[in-house]
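Enquirer: Let me begin by handing over the structure; questions about it come next.
Given below as C-alpha coordinates:
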(Lines of atoms letter the chains of each structure in order from A and count residues from 1; the text may use other names and numbers.)
(Lines give C-alpha, C1' and ligand atoms only; values in the text may rest on other atoms or scores of the structure.)
Protein backbone atom coordinates (compact mmCIF):
# COMPACT_ATOMS: atom_id res chain seq x y z
CA UNK A 1 0.00 0.00 0.00
CA UNK A 2 1.25 3.48 -0.90
CA UNK A 3 1.82 5.51 2.24
CA UNK A 4 3.09 8.83 0.88
CA UNK A 5 0.51 11.51 0.20
CA UNK A 6 -2.99 11.56 1.68
CA UNK A 7 -5.34 8.58 1.56
CA UNK A 8 -8.83 8.74 3.06
CA UNK A 9 -10.79 5.48 3.11
CA UNK A 10 -14.52 5.13 3.79
CA UNK A 11 -14.61 7.98 6.29
CA UNK A 12 -17.92 8.69 7.97
CA UNK A 13 -18.54 11.46 10.48
CA UNK A 14 -21.73 11.68 12.48
CA UNK A 15 -22.95 13.57 15.51
CA UNK A 16 -25.57 12.40 17.96
CA UNK A 17 -28.55 14.53 18.94
CA UNK A 18 -30.54 12.66 21.53
CA UNK A 19 -31.29 9.29 19.95
CA UNK A 20 -30.63 10.57 16.43
CA UNK A 21 -27.43 10.36 14.41
CA UNK A 22 -26.77 13.39 12.22
CA UNK A 23 -24.41 12.45 9.39
CA UNK A 24 -21.91 15.06 8.15
CA UNK A 25 -19.83 12.74 5.92
CA UNK A 26 -20.86 9.44 4.33
CA UNK A 27 -18.17 6.88 3.40
CA UNK A 28 -15.81 9.41 1.82
CA UNK A 29 -12.74 8.05 0.02
CA UNK A 30 -10.04 9.99 -1.83
CA UNK A 31 -6.33 9.57 -2.58
CA UNK A 32 -4.02 12.48 -3.30
CA UNK A 33 -0.50 11.68 -4.41
CA UNK A 34 2.65 13.82 -4.02
CA UNK A 35 2.68 16.54 -6.69
CA UNK A 36 -1.10 16.45 -7.11
CA UNK A 37 -3.52 19.34 -6.51
CA UNK A 38 -7.12 18.25 -6.04
CA UNK A 39 -10.13 20.55 -5.73
CA UNK A 40 -13.27 19.83 -3.71
CA UNK A 41 -16.28 21.94 -4.67
CA UNK A 42 -19.84 21.96 -3.39
CA UNK A 43 -22.50 24.12 -1.78
CA UNK A 44 -22.32 25.49 1.76
CA UNK A 45 -23.35 22.87 4.29
CA UNK A 46 -22.37 19.97 2.02
CA UNK A 47 -19.62 18.69 4.36
CA UNK A 48 -16.53 20.35 2.86
CA UNK A 49 -15.37 21.93 6.14
CA UNK A 50 -15.86 18.68 8.07
CA UNK A 51 -13.93 16.83 5.36
CA UNK A 52 -11.02 19.27 5.49
CA UNK A 53 -10.94 19.17 9.30
CA UNK A 54 -10.67 15.36 9.26
CA UNK A 55 -8.01 15.44 6.51
CA UNK A 56 -6.05 17.95 8.61
CA UNK A 57 -6.20 15.91 11.84
CA UNK A 58 -8.33 18.59 13.51
CA UNK A 59 -11.35 16.30 13.84
CA UNK A 60 -11.56 12.54 14.29
CA UNK A 61 -13.58 10.37 11.94
CA UNK A 62 -16.42 8.30 13.40
CA UNK A 63 -15.57 5.48 11.01
CA UNK A 64 -12.96 4.84 8.34
CA UNK A 65 -9.29 5.75 8.19
CA UNK A 66 -7.02 8.63 7.23
CA UNK A 67 -3.47 7.74 6.19
CA UNK A 68 -1.37 10.89 6.07
CA UNK A 69 2.12 10.19 4.71
CA UNK A 70 2.21 6.82 6.43
CA UNK A 71 0.55 7.92 9.69
CA UNK A 72 -2.76 6.21 10.49
CA UNK A 73 -4.41 9.11 12.30
CA UNK A 74 -6.82 6.94 14.30
CA UNK A 75 -3.84 5.22 15.97
CA UNK A 76 -2.13 8.41 17.15
CA UNK A 77 -2.29 10.03 20.60
CA UNK A 78 -3.38 13.67 20.89
CA UNK A 79 0.26 14.69 21.33
CA UNK A 80 1.33 12.84 18.17
CA UNK A 81 -1.62 14.27 16.24
CA UNK A 82 -0.50 17.75 17.27
CA UNK A 83 2.99 16.96 16.01
CA UNK A 84 1.59 15.71 12.68
CA UNK A 85 -0.41 18.92 12.27
CA UNK A 86 2.68 21.03 12.91
CA UNK A 87 5.21 19.11 10.82
CA UNK A 88 3.27 17.17 8.18
CA UNK A 89 0.47 19.57 7.18
CA UNK A 90 0.52 23.09 5.80
CA UNK A 91 -2.76 25.00 6.17
CA UNK A 92 -3.79 27.91 3.92
CA UNK A 93 -6.99 29.50 5.20
CA UNK A 94 -9.69 31.81 3.74
CA UNK A 95 -8.11 34.86 5.29
CA UNK A 96 -4.34 34.89 5.58
CA UNK A 97 -4.50 34.92 9.42
CA UNK A 98 -1.19 36.75 9.68
CA UNK A 99 0.01 38.00 13.07
CA UNK A 100 -0.39 41.81 12.92
CA UNK A 101 2.78 42.64 14.86
CA UNK A 102 5.14 40.29 12.98
CA UNK A 103 6.87 41.20 9.73
CA UNK A 104 6.69 38.88 6.72
CA UNK A 105 9.88 36.98 7.51
CA UNK A 106 8.91 36.51 11.15
CA UNK A 107 5.48 35.14 10.11
CA UNK A 108 7.43 32.11 8.87
CA UNK A 109 10.06 31.95 11.58
CA UNK A 110 7.48 31.89 14.37
CA UNK A 111 6.28 28.55 12.98
CA UNK A 112 9.83 27.19 13.21
CA UNK A 113 10.03 28.42 16.81
CA UNK A 114 6.96 26.33 17.64
CA UNK A 115 8.83 23.16 16.68
CA UNK A 116 12.16 24.12 18.26
CA UNK A 117 14.87 26.67 17.75
CA UNK A 118 15.38 28.63 14.54
CA UNK A 119 18.59 27.66 12.79
CA UNK A 120 20.45 29.64 10.16
CA UNK A 121 19.28 27.09 7.57
CA UNK A 122 15.65 27.73 8.60
CA UNK A 123 16.06 31.46 8.10
CA UNK A 124 17.71 30.90 4.71
CA UNK A 125 14.85 28.58 3.62
CA UNK A 126 12.27 31.18 4.76
CA UNK A 127 13.97 33.88 2.68
CA UNK A 128 14.20 31.50 -0.31
CA UNK A 129 10.47 30.70 -0.09
CA UNK A 130 9.49 34.36 0.14
CA UNK A 131 11.73 35.31 -2.79
CA UNK A 132 10.28 32.41 -4.81
CA UNK A 133 6.80 33.78 -4.16
CA UNK A 134 7.73 37.32 -5.19
CA UNK A 135 8.05 38.71 -1.66
CA UNK A 136 11.81 39.26 -1.52
CA UNK A 137 11.34 43.02 -1.14
CA UNK A 138 8.71 42.60 1.61
CA UNK A 139 10.66 40.67 4.26
CA UNK A 140 10.45 43.48 6.80
CA UNK A 141 6.92 44.61 5.89
CA UNK A 142 4.00 44.16 8.30
CA UNK A 143 0.57 42.78 7.30
CA UNK A 144 -1.01 46.26 7.27
CA UNK A 145 1.46 47.23 4.53
CA UNK A 146 0.60 44.28 2.25
CA UNK A 147 -2.02 43.86 -0.45
CA UNK A 148 -4.52 41.00 -0.24
CA UNK A 149 -2.51 38.97 -2.74
CA UNK A 150 0.74 39.59 -0.83
CA UNK A 151 -0.90 38.45 2.40
CA UNK A 152 -2.05 35.20 0.80
CA UNK A 153 1.39 34.64 -0.74
CA UNK A 154 2.87 35.08 2.74
CA UNK A 155 0.36 32.51 4.01
CA UNK A 156 1.45 30.08 1.26
CA UNK A 157 5.09 30.50 2.28
CA UNK A 158 4.15 30.00 5.93
CA UNK A 159 2.32 26.77 5.02
CA UNK A 160 5.48 25.48 3.34
CA UNK A 161 8.09 26.53 5.92
CA UNK A 162 8.10 23.19 7.78
CA UNK A 163 8.33 21.37 4.44
CA UNK A 164 5.07 19.46 5.11
CA UNK A 165 3.98 16.58 2.92
CA UNK A 166 0.34 17.68 2.70
CA UNK A 167 -1.13 21.12 1.89
CA UNK A 168 -4.77 21.88 2.75
CA UNK A 169 -6.25 25.11 1.40
CA UNK A 170 -9.66 26.33 2.58
CA UNK A 171 -11.18 28.86 0.15
CA UNK A 172 -7.80 30.58 -0.44
CA UNK A 173 -9.27 33.03 -2.98
CA UNK A 174 -12.36 34.07 -0.99
CA UNK A 175 -11.14 37.63 -0.35
CA UNK A 176 -9.32 38.21 -3.66
CA UNK A 177 -10.27 39.75 -6.99
CA UNK A 178 -10.02 37.60 -10.13
CA UNK A 179 -6.47 38.60 -11.05
CA UNK A 180 -5.10 38.03 -7.54
CA UNK A 181 -7.08 34.79 -7.21
CA UNK A 182 -5.47 33.35 -10.34
CA UNK A 183 -2.06 34.54 -9.15
CA UNK A 184 -2.44 32.84 -5.75
CA UNK A 185 -3.82 29.50 -7.01
CA UNK A 186 -1.22 29.39 -9.77
CA UNK A 187 1.47 29.81 -7.13
CA UNK A 188 -0.07 27.07 -4.96
CA UNK A 189 -0.19 24.73 -7.96
CA UNK A 190 3.44 25.50 -8.88
CA UNK A 191 4.65 24.88 -5.32
CA UNK A 192 2.67 21.62 -5.10
CA UNK A 193 4.24 20.37 -8.34
CA UNK A 194 7.81 21.56 -7.77
CA UNK A 195 7.96 20.51 -4.11
CA UNK A 196 5.96 17.28 -4.57
CA UNK A 197 3.23 18.00 -2.04
CA UNK A 198 -0.15 16.30 -1.90
CA UNK A 199 -2.68 19.14 -1.85
CA UNK A 200 -6.43 19.61 -1.47
CA UNK A 201 -8.14 22.93 -2.13
CA UNK A 202 -11.72 23.42 -0.98
CA UNK A 203 -13.31 26.19 -3.03
CA UNK A 204 -16.53 27.75 -4.29
CA UNK A 205 -14.50 29.45 -7.01
CA UNK A 206 -14.81 27.36 -10.16
CA UNK A 207 -12.58 29.83 -12.05
CA UNK A 208 -9.67 28.18 -10.23
CA UNK A 209 -10.33 24.59 -11.31
CA UNK A 210 -8.09 24.85 -14.38
CA UNK A 211 -5.08 24.60 -12.04
CA UNK A 212 -6.21 21.31 -10.49
CA UNK A 213 -5.41 17.75 -11.51
CA UNK A 214 -8.77 16.39 -10.35
CA UNK A 215 -12.03 17.93 -9.20
CA UNK A 216 -14.40 16.31 -6.72
CA UNK A 217 -17.90 17.41 -5.74
CA UNK A 218 -19.24 17.21 -2.20
CA UNK A 219 -23.02 16.95 -1.85
CA UNK A 220 -24.87 15.96 1.31
CA UNK A 221 -21.69 14.54 2.83
CA UNK A 222 -20.87 12.35 -0.18
CA UNK A 223 -17.80 12.87 -2.35
CA UNK A 224 -17.67 12.00 -6.04
CA UNK A 225 -15.26 12.65 -8.88
CA UNK A 226 -16.69 15.40 -11.07
CA UNK A 227 -17.06 14.99 -14.80
CA UNK A 228 -14.97 17.72 -16.48
CA UNK A 229 -17.78 18.41 -18.97
CA UNK A 230 -20.06 19.41 -16.12
CA UNK A 231 -17.67 22.02 -14.79
CA UNK A 232 -18.14 25.56 -15.98
CA UNK A 233 -14.62 26.91 -15.87
CA UNK A 234 -14.12 30.53 -16.86
CA UNK A 235 -10.70 31.35 -18.26
CA UNK A 236 -9.40 34.88 -18.09
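Residue numbers (the working numbering): 319 to 554. Ideal Cβ positions, reconstructed from N, Cα and C, are used throughout, including at glycine. Treat the numbers as computed from the prediction; the structure is a model and nothing was measured.
Here's the rule: buried if 16 or more other CB atoms are within 10 angstroms of the residue's CB, otherwise exposed. What is residue 543?
Expert: Flag for residue 543 reads exposed.
Enquirer: Which residues in the same chain as residue 320 place their Cβ atom closer than 6 Å to its Cβ, once the five residues preceding and following it in sequence are excluded?
Expert: Below a pLDDT of 50, predicted positions are generally treated as unreliable, and residue 320, at 47, falls in that range; no measurement from the model is reported.
Enquirer: For residue 547, is the classification buried or exposed, using 16 other Cβ atoms within 10 angstroms of its Cβ as the cut-off for buried?
Expert: Note on residue 547: pLDDT 40, under 50, position unreliable in the model; no value is reported.
Enquirer: For the alpha helix (DSSP H) that contains residue 503, what are its first and last residues?
Expert: Start and end: 496-513.
Enquirer: Compute the distance between the beta-carbons of residue 511 and residue 356, then report whether it is under 7 Å.
Expert: Against a cut-off of 7 Å, the Cβ pair of residue 356 and residue 511 comes out as no contact.
Enquirer: Enumerated in chain order, which unbroken segments of the alpha helix (DSSP H) with a length of 4 residues or greater are wholly contained in the region 333-385?
Expert: Complete alpha helix (DSSP H) runs here, min 4: 366-373.
Enquirer: Counting beta carbon pairs with one atom in the region 433-444 and one in the region 351-368, are three or more of them shorter than 8 Å?
Expert: Output reads no: the region 433-444 does not touch the region 351-368.
Enquirer: One question on the structure: do residue 382 and residue 478 come within less than 7 Å of each other, judged by their Cβ atoms?
Expert: Not closer than 7 Å, so no.
Enquirer: Taking only the alpha-carbon atoms, compute the straight-line gap between residue 299 and residue 344 and give it to the nearest angstrom.
Expert: Given that the chain is displayed from residue 319 to residue 554, the structure contains no residue 299 and the question cannot be resolved.
Enquirer: Would you decide whether residue 333 is buried or exposed? Buried here means 16 or more other CB atoms lie within 10 Å of its CB.
Expert: Exposed, by the Cβ-count rule.
Enquirer: Cβ atoms of residue 420 and residue 476: under 7 Å apart, would you say?
Expert: No; because the gap between Cβ atoms is not below 7 Å, this pair is not in contact.
Enquirer: When the distance is taken between beta carbons, is residue 505 closer than 7 Å to residue 457?
Expert: Contact: no.
Enquirer: For residue 331, name the three-state secondary structure that DSSP assigns.
Expert: Note: residue 331 maps to strand in three-state DSSP.
Enquirer: Taking all protein chains shown into account, do 16 or more other C-beta atoms lie within 10 angstroms of the C-beta of residue 483, making it buried, or fewer, making it exposed?
Expert: By the neighbour-count rule (16 or more Cβ atoms within 10 Å), residue 483 is buried.
Enquirer: In the DSSP assignment, find the unbroken alpha helix (DSSP H) run with residue 432 in it and report its ends.
Expert: Taken as a continuous stretch (DSSP letters only), the alpha helix (DSSP H) holding residue 432 covers 422-432.
Enquirer: Provide the residue span of the alpha helix (DSSP H) that contains residue 443, from first to last.
Expert: Residues 438-450.
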